[in-house]
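From first to last, the protein sequence lines stand for chains A and B. Residue 266 in this note's numbering sits at position 205 of the first sequence, and the numbers go up by one each step. Residue 78 in this note's numbering sits at position 63 of the second sequence, and the numbers go up by one each step. Here is the structure we will look at.
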Amino acid sequence: MITFENVSKRYLTKRALSDVNVTIPEGKLIGLVGSNGSGKSTFMKMIAGLVGPTEGNVTIDEVPVTRRTADKVAYLSELDEYYSFYSVKETISFFASQFADFNTEKAFEILDFMEVDREQKVKHLSKGNRGRVKIALTLARDVPIILMDEPLSGLDPMVRDSIVKGLLSFIDLEKQTVIITTHEVAEIEPLLEMVIAIRNGKVLALEDVETIRERDGMRIVDWLKKQYQAEA
Amino acid sequence: MGEEFNPSKPIYLQLVDRISWEIIKGERKAGEKLPSVREMAIQSGVNPNTVSRTYNELERMEIVETKRGQGTFVTEEKERLSELREELKLNHIQNFIEEMKQMGFSSEDMIDGIRTYVTNEKENNA
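Printed below as a string of C-alpha cells:
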C-alpha cells in the first residue's frame, strides 16, 4: 500500500504537487493520467524515492519512502538511462550487479518473448527495441511495486502491442502493484483496473475503471475531461 | 491492440457476453477448458483481475466450472447450455423490440416485417 499524506512539492517557485492525499491499494494495475506538466512524473519519482516531498509524507506499507525503500520499487523513467556502448546482454548483467532482486533469467525470458536480439549493442537498437529492453529491465526485478513513466510513448502500434503483451505476461498482480503514466490512455484502458486523475499538482480522483463505465457510462478520457471541468 | 469495448458497460460483463456467445455458436464446446486467466488477459488485452471477475461471474451463472488445480471448463450440463441459448435469444428479441418501438413501429409492424423478410430470404436462397 502506498500512501500520500498532505504531500506538496515545490521546485524553487514552481509547485509540482500540492496537498496530495491518496492511498493506492495493492495488487492492481493503475493508470496515472493527466495533461503535460500536471505532476505525473513527480508523483512517480516520489514513490521511487528519487524526489522528496517539501511537505507531508509518502509511505510504502507505512514505512516512509527513502532511498532505502527503493529496493521495493522498480522505476522505468521516461528517459533512456543505460550505457549505449553495452550490448543488451551486458546491460542485463550490469542491472543484475546493481539490484539484488534482479532476476536475470526472467530478463532474458522477457527479451525472447519480445524478440530482442541480446547480442546487439544498445546504441544500434531501433527505438522500439530500446523500449522493449527498458520494459525487460524493469519487469525483471522481483519487487512489489513497478512504476512505468510513459512506457508506450513514441512507439509504433506493433511495438506497443508487444509491450502490453509482455506486461500482461510477466507481472504478477497477486504480489505486485503496477502504476503506468500514459498519454495514450484510450489504448490501454482495458488493461487498467483503477485510474488516478491528476491536474496542476492536485490528485482529483482515484476510481475503479469498471465503476466509471457502469456508473457514468464513460471511457477514461471522457471521465478525465469531466474531472478537469469540475475542477476548473 | 486488444479489442474494442463498449464504453458504457463494464468490461467483465462484455467478456461474459462474448464467451457465452462463443459457447452458443459452438466455438467453445461443452466440457472444453477455457484459457487460464493470464492467457485470456493476454489474448484480449484486458486486466487479469477483470478476467478473474469474468470467470467468477460465468461460474455464478453455472456456465463454467472451476476444477481445483486444473482450470476453468465450459459446463457439460446440456440443459444449462440450452437455457443459455434461450436467454440469449430472449435478449436479442428484447433489444430488437426496444429499438423498433423507439422508431415507432407497432408489434404488428414488427411481426409483418419479420415474416416478409424471412419469406424473401427463403425465396432468394431457393
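Backbone N, C-alpha and C fix where the C-beta goes; we use that ideal spot for every residue, glycine too.
Q.
Whole angstroms are fine: how far does the CA of residue 228 of chain A sit from the CA of residue 171 of chain A?
A. Residue 171 of chain A sits at position 110 when you count from the first residue of the first sequence. Residue 228 of chain A sits at position 167 when you count from the first residue of the first sequence. Looking at the two C-alpha atoms, the distance is approximately 9 Å.
Q. Listing by chain order, which chain A residues have their CB less than 8 Å from the CB of residue 139 of chain B?
A. What you label residue 139 of chain B is simply residue 124 of the second sequence in a count that begins at 1. In chain order: nothing, as chain A lies at least about 40 Å away.
Q. Where does residue 157 of chain A sit, in a helix, a strand or coil, going by DSSP?
A. For this step, residue 157 of chain A is matched to residue 96 along the first sequence. The answer is helix: DSSP assigns residue 157 of chain A an H, G or I state.
Q: Would you mind telling me which residues of chain A sit closer than 9 Å to residue 27 of chain B, beta carbon to beta carbon, in chain order?
A: Numbered from 1 along the second sequence, position 12 holds the residue referred to as residue 27 of chain B. In chain order: 271.
**Q.** Reduced DSSP category for residue 17 of chain B - H, G, I as helix; E, B as strand; rest coil
**A.** To locate residue 17 of chain B, count along the second sequence from 1; it is residue 2. At residue 17 of chain B, the pLDDT of 47 sits below 50, so the modelled position is not reliable and the matter cannot be decided from this model.
Q.
On the DSSP letters alone, give me the boundaries of the beta strand (DSSP E) that residue 147 of chain A sits inside.
A. Here residue 147 of chain A refers to the residue found at position 86 when the first sequence is read from its first residue. In this chain, residue 147 of chain A is not harboured by any beta strand (DSSP E), its DSSP state being neither H nor E.
Q | Stretch pair the region 216-236 of chain A + the region 91-98 of chain A: three plus CB contacts closer than 8 Å | A | no
Q: Go through its chain and collect everything with a Cβ distance to residue 174 of chain A's Cβ below 7 Å, but skip five positions before and after it.
A: What you label residue 174 of chain A is simply residue 113 of the first sequence in a count that begins at 1. Same-chain partners within the cutoff: 227 and 230.
Q) Between the C-alpha atoms of residue 72 of chain A and residue 113 of chain A, what's the straight-line distance to the nearest angstrom? A) Reading the first sequence from its first residue, position 11 is the one you call residue 72 of chain A. Reading the first sequence from its first residue, position 52 is the one you call residue 113 of chain A. Looking at the two C-alpha atoms, the distance is approximately 11 Å.
Q. Nearest-angstrom Cα distance between residue 64 of chain A and residue 275 of chain A?
A. Along the first sequence, read from residue 1 onward, the residue named residue 64 of chain A stands at position 3. Along the first sequence, read from residue 1 onward, the residue named residue 275 of chain A stands at position 214. The alpha-carbon atoms of residue 64 of chain A and residue 275 of chain A are separated by roughly 27 Å.
Q: Select from A/281, A/252 and A/198 the residue whose C-alpha is nearest the C-alpha of residue 222 of chain A.
A: Counting from one through the first sequence, the residue named residue 222 of chain A turns up at place 161. Looking from the CA of residue 222 of chain A, the closest CA among A/281, A/252 and A/198 belongs to A/252.
Q: Measuring only between beta-carbons, confirm whether residue 20 of chain B sits less than 8 Å from chain A.
A: For the purposes of this step, residue 20 of chain B is identified with residue 5 of the second sequence, where counting begins at 1. Answer yes: the Cβ-Cβ gap between residue 20 of chain B and chain A drops below 8 Å somewhere.
(Q) Which residues does DSSP list as the beta-bridge partners of residue 266 of chain A? (A) Locating residue 266 of chain A in the first sequence gives position 205, counting from the first residue. Note: residue 266 of chain A sits in a beta bridge opposite A/258.
Q: Return the first residue and the last residue of the alpha helix (DSSP H) that residue 61 of chain B is part of.
A: As a first step, residue 61 of chain B must be located in the second sequence, where it is residue number 46. Element bounds for residue 61 of chain B: n/a, residue is neither H nor E.
Q. Which residues, in order along the region 201-221 of chain A, keep a beta-carbon less than 8 Å from a beta-carbon of chain B?
A. 218 and 221
Q | Where residue 254 of chain A meets chain B, residues with beta-carbon distance less than 8 Å | A | What you label residue 254 of chain A is simply residue 193 of the first sequence in a count that begins at 1. Within chain B, the residues near residue 254 of chain A are 62, 64 and 65.
Q: Return the Cβ separation of residue 259 of chain A and residue 265 of chain A in integer angstroms, given the expectation that the two are a contact with Cβ distance under 8 Å.
A: As a working note, residue 259 of chain A is residue 198 in the first sequence. As a working note, residue 265 of chain A is residue 204 in the first sequence. Right, the Cβ-Cβ distance comes to about 7 Å (below 8 Å), so this counts as a contact.
Q: For residue 56 of chain B, return the contacting residues in chain A, with the cut-off set at a CB-CB distance below 7 Å.
A: Locating residue 56 of chain B in the second sequence gives position 41, where the first residue counts as 1. Chain A residues near residue 56 of chain B: 229.
(Q) Taking the beta strand (DSSP E) that residue 209 of chain A belongs to, which residues open and close that run? (A) Position 148 of the first sequence, counting from 1, holds the residue named residue 209 of chain A. First-last of the beta strand (DSSP E) with residue 209 of chain A: 206-210.
Q: Examine the Cβ distances between the region 67-74 of chain B and the region 28-39 of chain B and report whether three or more of them are shorter than 8 Å.
A: By the Cβ criterion, the region 67-74 of chain B is in contact with the region 28-39 of chain B, since at least three pairs of Cβ atoms, one from each stretch, lie closer than 8 Å.
Q. In the structure shown, what three-state DSSP assignment does residue 113 of chain A receive?
A. To locate residue 113 of chain A, count along the first sequence from 1; it is residue 52. It is coil, neither helix nor strand.
Q. Would you report the Cα separation of residue 194 of chain A and residue 105 of chain B, rounded to the nearest angstrom?
A. Numbered from 1 along the first sequence, position 133 holds the residue referred to as residue 194 of chain A. Numbered from 1 along the second sequence, position 90 holds the residue referred to as residue 105 of chain B. Using only the alpha carbons, I get a separation of about 51 Å.
Q: Please go through the region 213-261 of chain A and give each complete beta strand (DSSP E) segment of 3 or more residues, from N-terminal end onward.
A: Every unbroken stretch of the beta strand (DSSP E) spanning 3 or more residues and falling wholly within the region 213-261 of chain A is given here in chain order: 238-242 and 255-260.
Q: Would you decide whether residue 140 of chain A is buried or exposed? Buried here means 16 or more other CB atoms lie within 10 Å of its CB.
A: The residue you call residue 140 of chain A lines up with position 79 of the first sequence. By the neighbour-count rule (16 or more Cβ atoms within 10 Å), residue 140 of chain A is not buried but exposed.
Q) Taking the runs of the alpha helix (DSSP H) that are 4 residues or longer, which of them lie wholly in the region 87-133 of chain A? A) 101-109
Q) In the region 259-284 of chain A, which residues sit with their C-beta less than 7 Å from some C-beta in chain B, listed in chain order? A) 271, 274, 275, 278, 279 and 280
Q) Closer than 8 Å, CB to CB, is residue 251 of chain A near chain B or not? A) Locating residue 251 of chain A in the first sequence gives position 190, where the first residue counts as 1. Chain B contact via Cβ: present.
(Q) Distance cutoff 8 Å, beta carbons only. Does residue 111 of chain A sit that close to anything in chain B? (A) One-based indexing of the first sequence puts residue 111 of chain A at position 50. Not one chain B Cβ lies under 8 Å of residue 111 of chain A.
**Q.** Segment contact, 8 Å Cβ cut-off, at least three pairs: the region 127-141 of chain A with the region 201-212 of chain A
**A.** yes
Q: Check residue 121 of chain B in the structure and name its three-state DSSP category.
A: Position 106 of the second sequence, counting from 1, holds the residue named residue 121 of chain B. Correct three-state label for residue 121 of chain B: coil.
Q: Within 10 angstroms of the Cβ of residue 113 of chain B, are there 16 or more other Cβ atoms? Answer buried if so, exposed if not.
A: Translated into positions along the second sequence, residue 113 of chain B becomes position 98. Residue 113 of chain B is exposed by the Cβ-count criterion.
Q: Compare the C-beta of residue 51 of chain B against all C-beta atoms of chain A and say whether one is closer than 8 Å.
A: Here residue 51 of chain B refers to the residue found at position 36 when the second sequence is read from its first residue. Contact with chain A is absent for residue 51 of chain B, since none of that chain's Cβ atoms lies less than 8 Å from the residue's Cβ.
Q. If we cut at 8 Å on Cβ distances, does residue 48 of chain B have a partner in chain A?
A. Locating residue 48 of chain B in the second sequence gives position 33, counting from the first residue. It does not; no Cβ of chain A falls within 8 Å.
Q | Closest residue to residue 166 of chain A among A/268, A/117 and A/154 (Cα-Cα distance) | A | Here residue 166 of chain A refers to the residue found at position 105 when the first sequence is read from its first residue. When each option's Cα is compared against that of residue 166 of chain A, the closest is A/154.
Q) What is the DSSP secondary structure of residue 164 of chain A, reduced to helix, strand or coil? A) As a first step, residue 164 of chain A is located in the first sequence; it is residue number 103 there, counting from the start. Reduced to three states, the DSSP call for residue 164 of chain A is coil.
Q) Taking the alpha carbon of residue 53 of chain B as the point to measure from, which residue in B/118, B/62, B/92 and B/98 has its own alpha carbon closest? A) Counting from 1 along the second sequence, the entry for residue 53 of chain B is found at position 38. The candidate whose alpha carbon is nearest that of residue 53 of chain B is B/62.
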